[in-house]
Amino acid sequence: MQKKNKANLALGISAAGFLGTMAAGGSGFVMGLFHHGFLAATIGGLADWFAVTALFRKPLGISYRTDVLRRNRKRIMDAIVTFASDDLLSTENIMRVIREQDTAGLLVDYLEHRGGREGVIEVVDTVVLKVVNDLDSEALARDLAPAVREGLRGLALENVLLELVRTLGEEQHSKRILHSVLTIGEQVLQSPAMQQVLFDNIKVLRKEYEGESAGRAFVLSALGLDDKELLAIFNEKAQKGLEDLLSEQTEGYARLKAGFEGMVLSFSNDASLRHALGEWKERWLAQMDIEGMIASWIENVLKGEEPFWLPHLNAFIEQRIDDFVHSEAWQRRFDKMLKDLIESELTKHHELIPGLIHERLDEFSDDALVAFVEEKVQDDLQMIRINGSIVGSLVGMGLYLLVWAAERMWGL
847 MQKKNKANLA LGISAAGFLG TMAAGGSGFV MGLFHHGFLA ATIGGLADWF AVTALFRKPL
907 GISYRTDVLR RNRKRIMDAI VTFASDDLLS TENIMRVIRE QDTAGLLVDY LEHRGGREGV
967 IEVVDTVVLK VVNDLDSEAL ARDLAPAVRE GLRGLALENV LLELVRTLGE EQHSKRILHS
1027 VLTIGEQVLQ SPAMQQVLFD NIKVLRKEYE GESAGRAFVL SALGLDDKEL LAIFNEKAQK
1087 GLEDLLSEQT EGYARLKAGF EGMVLSFSND ASLRHALGEW KERWLAQMDI EGMIASWIEN
1147 VLKGEEPFWL PHLNAFIEQR IDDFVHSEAW QRRFDKMLKD LIESELTKHH ELIPGLIHER
1207 LDEFSDDALV AFVEEKVQDD LQMIRINGSI VGSLVGMGLY LLVWAAERMW GL
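Residue numbers (our numbering): 847 to 1258.
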C-alpha cells in the first residue's frame, strides 16, 4: 500500500474513532481516554494534511499562504541554481572528486582490457584516411611542384653520378665488377648463339685468307685446320685467357684492373662529362611534368583504403600506446595534464553551469514542477502525516491522563 493511502487511512481511522466514541457518549476512563486520543489524532492528521497539501496546491480552496511551490517558484529556482552551481557543482568540489581518480589508470585499463587499443587505432586510421583522401591532389601538386623543382635543381646530380662512378673504381668494387664481367664473358663465349657467330666469322676470315691462293688452301688443309678446328682452337685460347684473368693472379689481370680503374677515375674527373650531365639535368627538369608526377603519386600511392603508409602509422600508434602503458612517468604527466585541463576549462566556463541548470528547470511548467517535486518527496511527506496522527493521539491521551490524575488528586 502506498504511504499516501496509509496516511489517509490513519486520518480516516482517527476521525471515525472520534465520532464513534463521541456518539457512544460513555463517561468512563477508557472511553474518555480513547475519545481524546482519537480527537487529538484527527486534529494532528488534519493539520499535517493541510500543511503538506499547501506545499503543492490550495487545500480546501484556501489561497492564503498556500500553493507554496507555484507562488515562490522564482525564489526557489534561484536558490536551487545558486546552491547547485556555487556549492554542489563548484569548481573546487568537482575537482576534489576528479583529483581522487586515477585517470591514467582508467585509460590504461581501457586500452588494455576493454578494446581501447583497437578503438584508438581505428579512429586514428579513419580520421587520417579521411584527411588524406579528401586532399585536392592537383592543388597540392601545384603548391609542391615549385619547391620540388628547385630542390632537384639545387641537387648537384652530376656530382653525385660522377662520385658514384669514382666509387666504382675503388679496388673492392672494381674487383667485383671485373669478376662479374669476366664470368658473364665466359658464359657468353660458351653460348650456342656466340659459337654460331664465331663459326660464321671464321668461315669468312678463312675464305678471305685463302683468296685465289691454292697454296694457302693446301697448307691449311694439310694441317687439318678446317673451320671447326679453328673454332675449337679459338675457344680453347679464349677460355684459357678468361680463366687466367678470373684467377686474379696474372699480369694480364693486373693490367686489365689498372686500366679499368684508370678509365673510371678519368671519367669521374672529366669536366666535359660533368658539364654534359649538368646540361642533361636541366633539360630533364625542363621537360619533366613534376606537377603531374606529384598529383599522380598522391592519387595512386598516397591515397586509397589501404595505402602503403597505413601499416607504418598503425605500428607507430601501437608503439606509443605500449610506451604509455609501461611508463609511469608518462601516466603521471597525462593525469596531471588532463586534470589541469579540466580545472582550467571549468574555471573558464563555470558561469555556464547556472545557465544550464536554469534552462533545464525552465523546461518544467508549474504543474510539471509540482508533480516532479511531489513525486520525489511524497513518501516522506506522507510519513509526516502518519506520524502527526500517531503523535497527536499520544499527546491527546497523555493530556487526558494528566487531567484525570489531577482531578483525582485535588478532588475536582
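The beta-carbon is built from N, C-alpha and C at its ideal position, and this holds for glycine as well.
Keep in mind that this is a model prediction, so the values were computed, not measured.
- Per the coordinates, the alpha-carbon of Asp1186 lies some 10 Å from the alpha-carbon of Arg1179.
- DSSP, read as helix, strand or coil, puts Gly1150 in coil.
- Cβ atoms of Leu1102 and Leu1024 come within 8 Å of each other, at about 7 Å.
- Ala987 places its beta carbon less than 8 Å from that of Ile1140.
- Exclusion of the five residues before and after Phe896 leaves Pro905 as the residues of its chain whose Cβ lies within less than 6 Å of its Cβ.
- The C-alpha of Glu1094 is placed about 47 Å away from the C-alpha of His1158.
- In the DSSP assignment, Ala1251 falls within the unbroken alpha helix (DSSP H) covering 1212 to 1256.
- In the DSSP assignment, Gln1177 falls within the unbroken alpha helix (DSSP H) covering 1174 to 1195.
- Counted as a single uninterrupted DSSP element, the stretch harbouring Glu1094 is not any alpha helix (DSSP H), since DSSP gives it neither H nor E.
- Excluding sequence positions up to five before and after Gly883, its CB lies within less than 7 Å of the CB of Ser1239, Gly1242, Met1243, all in the same chain and listed in chain order.
- For Trp1155, the secondary structure class from DSSP, reduced to helix, strand or coil, is coil.
- In this structure the stretch 917 to 935 touches the stretch 1195 to 1208; the number of beta carbon pairs closer than 8 Å is three or more.
- Between the beta-carbon of Thr899 and that of Glu1189 there is about 46 Å, and that puts the pair past the 8 Å contact cut.
- Of the other Cβ atoms in all chains shown, fewer than 16 fall within 10 Å of the Cβ of Thr1029; this residue is therefore exposed.
- Following the DSSP letters along the chain, one finds Tyr910 in no alpha helix (DSSP H), marked with neither H nor E.
- For Leu1091, the CB contacts under 7 Å within the same chain, skipping 5 residues up- and downstream, are Leu1028, Gly1098, Tyr1099, Leu1102 in chain order.
- Comparing alpha-carbon positions, the option among Glu1075, Ala870, Asp971, Arg1022 lying closest to Phe1106 turns out to be Arg1022.
- Annotation: Leu981 is outside any alpha helix (DSSP H) and is labelled neither H nor E by DSSP.
- Burial of Asp913 is indicated by the presence of at least 16 other C-beta atoms within 10 angstroms of its C-beta.
- In the structure shown, Gly874 adopts coil according to DSSP, grouped into three states.
- About 22 Å separates the beta carbon of Glu946 from that of Val1171, a gap too long to meet the 8 Å contact definition.
- Using a Cβ distance threshold of 8 Å, Leu915 and Val1216 count as a contacting pair.
- For the pair Ala1084 and Leu1035, the CB atoms are nearer than the 8 Å cut-off.
- Judged by DSSP in its simplified three-state form, Glu1145 adopts helix.
- Spanning the alpha carbons of Leu1198 and Asp1212 requires a straight line of approximately 24 Å.
- Taken through DSSP and simplified to helix, strand or coil, Gln1036 comes out as helix.
- Between Asp1169 and Trp1176, the CB-CB gap stays under 8 Å.
- With fewer than 16 other beta carbons inside 10 angstroms of its own, Thr972 counts as exposed.
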